[in-house]
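Heads up: the sequence shown runs through residues 1 to 302, numbered per the numbering used here. A quick write-up on the structure given underneath.
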Amino acid sequence: MALEGKNIMVTGAAGMLASDLVPRLQAAGARLQLFDLGEAEIGGSAVARLDITDFKAVKHAVGDVQPDWLVNCAAFTAVDAAESEEQAAFSVNGAGPGNLARALSETGGMMLHVSTDYVFGGADGRDSRRTPYSPDDTPSPCGVYGKSKHLGEVEVAQALPENYLIVRTSWLHGAAGHNFVNTMLKLAKEHTELSIVDDQVGSPTWSGWLSDVIVKLIELEAQGIYHATSRGGISWLEFAKEIFQQAGAEVELKGQTTEDLGRDAPRPRYSMLDVSKLEDLLGEPCLSWQEGVTRHLEALKA
Ligand SMILES: NC(=O)c1ccc[n+]([C@@H]2O[C@H](COP(=O)([O-])OP(=O)(O)OC[C@H]3O[C@@H](n4cnc5c(N)ncnc54)[C@H](OP(=O)(O)O)[C@@H]3O)[C@@H](O)[C@H]2O)c1
């Protein structure tokens, strides 16, 4: 098995991405130690309590586990709430990953930190860029969430200059969690007509595929920054059309602007990530976003 004997610590283990990642790490033979804000159980394994903003607790846990890899999926992911809860967002997304990285720098081991397309797009989401952002591009974070996630990246890279792997992804959707696909399926039961934003372009990414990629990146001991999203860039409106078509739901769709929706946080109008570095490393293309929808729907049925 690819990760046989590897001691892997996962933080944010009760979240959406981790719920797909943990079983895959288990299947690859890793010995797992799981942590989240509250105690839980994932795939038959216990999740212990660890607040990544508490450096003393983090140092104690990392010292105990002595992981070969620490995978940080913990985050403050409520993009709109981050605007009014700036301190909490920076604490979890900025200081938290820094705490994990500093603790790990004392024990040795690699850190895989999950980040986001929101490190691009500009403060108000209106950057004029319309070609995919590469891992080497200088970040231009969008909103408080993007800025806090960017701080996390900087903290991790500073504390572990030789031992970090940052994986940026976007528009994540998985069977277990709050996300666009699950929301659309719920809305289709309640509405015959919906208005969906059509002026933001990005790449939906199925968390099962991303989890497979994370397992491979650990196996390959990759370092630095990688972009890992599905292939193709679309609007939320096009995404909704595909979801309803594949799910066999009949909903009339209309476009609306980001302004019409009137959310608290800015959104990148364009946040496609260039995945060619990942495709070169893995020797295969990233999943298409349409296939990601298919796999998500299959996972829900299973
Ligand atoms: N979702 C997306 O569309 C998306 C897109 C691009 C990148 N990402 C990134 O992908 C990663 C995984 O996202 P996700 O959607 O799986 O997130 P998620 O479902 O919100 O999971 C995050 C987990 O972290 C926990 N957490 C929050 N604060 C914590 C703290 N102080 N200490 C320890 N754990 C804490 C959360 O607990 P509570 O639920 O109790 O708060 C939750 O279980 C994140 O880094 C996110 O920024 C997500």
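The C-beta atom is built at its ideal place from N, Cα and C for all residues, glycine as well. Note that the structure is predicted; figures quoted are calculated from it, not measured.
Output the distance between the C-alpha atoms of residue i and residue j, rounded to the nearest integer angstrom.
{"i": "residue 77", "j": "residue 2", "result": "30 Å"}
{"i": "residue 181", "j": "residue 107", "result": "40 Å"}
{"i": "residue 32", "j": "residue 256", "result": "44 Å"}
{"i": "residue 124", "j": "residue 143", "result": "6 Å"}
{"i": "residue 199", "j": "residue 115", "result": "23 Å"}
{"i": "residue 240", "j": "residue 248", "result": "12 Å"}
{"i": "residue 264", "j": "residue 118", "result": "15 Å"}
{"i": "residue 208", "j": "residue 294", "result": "11 Å"}
{"i": "residue 155", "j": "residue 27", "result": "31 Å"}
{"i": "residue 149", "j": "residue 91", "result": "10 Å"}
{"i": "residue 367", "j": "residue 11", "result": "The requested residue 367 is not part of the displayed model; the chain covers only 1 to 302."}
{"i": "residue 367", "j": "residue 272", "result": "It is not possible to answer for residue 367, since the shown part of the chain is limited to 1 through 302."}
{"i": "residue 179", "j": "residue 206", "result": "10 Å"}
{"i": "residue 60", "j": "residue 226", "result": "29 Å"}
{"i": "residue 297", "j": "residue 202", "result": "20 Å"}
{"i": "residue 236", "j": "residue 93", "result": "25 Å"}
{"i": "residue 170", "j": "residue 66", "result": "30 Å"}
{"i": "residue 269", "j": "residue 121", "result": "7 Å"}
{"i": "residue 196", "j": "residue 254", "result": "6 Å"}
{"i": "residue 110", "j": "residue 222", "result": "10 Å"}
{"i": "residue 9", "j": "residue 191", "result": "42 Å"}
{"i": "residue 260", "j": "residue 210", "result": "32 Å"}
{"i": "residue 56", "j": "residue 283", "result": "41 Å"}
{"i": "residue 104", "j": "residue 64", "result": "11 Å"}
{"i": "residue 5", "j": "residue 220", "result": "15 Å"}
{"i": "residue 49", "j": "residue 37", "result": "5 Å"}
Is any non-hydrogen atom of ligand 2 found closer than 8 Å to the C-beta of residue i, if you look at the structure I gave you?
{"i": "residue 51", "result": "The ligand content of the structure shown is limited to ligand 1, which means ligand 2 is not among them."}
Using three-state DSSP, classify residue i as helix, strand or coil.
{"i": "residue 262", "result": "coil"}
{"i": "residue 110", "result": "strand"}
{"i": "residue 272", "result": "coil"}
{"i": "residue 185", "result": "helix"}
{"i": "residue 154", "result": "helix"}
{"i": "residue 191", "result": "coil"}
{"i": "residue 290", "result": "helix"}
{"i": "residue 200", "result": "coil"}
{"i": "residue 251", "result": "coil"}
{"i": "residue 178", "result": "coil"}
{"i": "residue 160", "result": "coil"}
{"i": "residue 295", "result": "helix"}
Is residue i near ligand 1, going by C-beta to nearest heavy atom under 8 Å?
{"i": "residue 183", "result": "no"}
{"i": "residue 16", "result": "yes"}
{"i": "residue 173", "result": "yes"}
{"i": "residue 313", "result": "In the structure displayed, the chain extends from 1 to 302; residue 313 sits before or after that span and is not available."}
{"i": "residue 154", "result": "no"}
{"i": "residue 133", "result": "no"}
{"i": "residue 37", "result": "yes"}
{"i": "residue 230", "result": "no"}
{"i": "residue 115", "result": "yes"}
{"i": "residue 150", "result": "no"}
{"i": "residue 22", "result": "no"}
{"i": "residue 92", "result": "yes"}
{"i": "residue 118", "result": "yes"}
{"i": "residue 75", "result": "yes"}
{"i": "residue 13", "result": "yes"}
{"i": "residue 177", "result": "yes"}
{"i": "residue 126", "result": "no"}
{"i": "residue 168", "result": "yes"}
{"i": "residue 322", "result": "With the chain represented from 1 up to 302, any question about residue 322 goes unanswered, as that position is not in the structure."}
{"i": "residue 43", "result": "no"}
{"i": "residue 72", "result": "yes"}
{"i": "residue 233", "result": "no"}
{"i": "residue 96", "result": "yes"}
{"i": "residue 211", "result": "no"}
{"i": "residue 207", "result": "yes"}
Is there a Cβ of chain C sitting closer than 9 Å to that of residue i, yes or no?
{"i": "residue 113", "result": "Note that chain C does not occur in the displayed structure, where there is just one protein chain."}
Complete runs of the beta strand (DSSP E) confined to the region 208–236 [at least 3 residues]
Counting only runs of 3 or more, we get 224–227.
Which runs of the beta strand (DSSP E) fall wholly inside the region 3–79 and span at least 3 residues, in chain order?
Within the region 3–79, the complete beta strand (DSSP E) segments at least 3 residues long are 7–11, 31–36, 40–42, 45–49, 69–72, listed from N- to C-terminus.
So within the region 95–147, which uninterrupted alpha helix (DSSP H) runs reach at least 4 residues, ignoring any that extend past its ends?
Every alpha helix (DSSP H) of 4 residues or more that sits fully in the region 95–147 is shown, in chain order, as 96–107.
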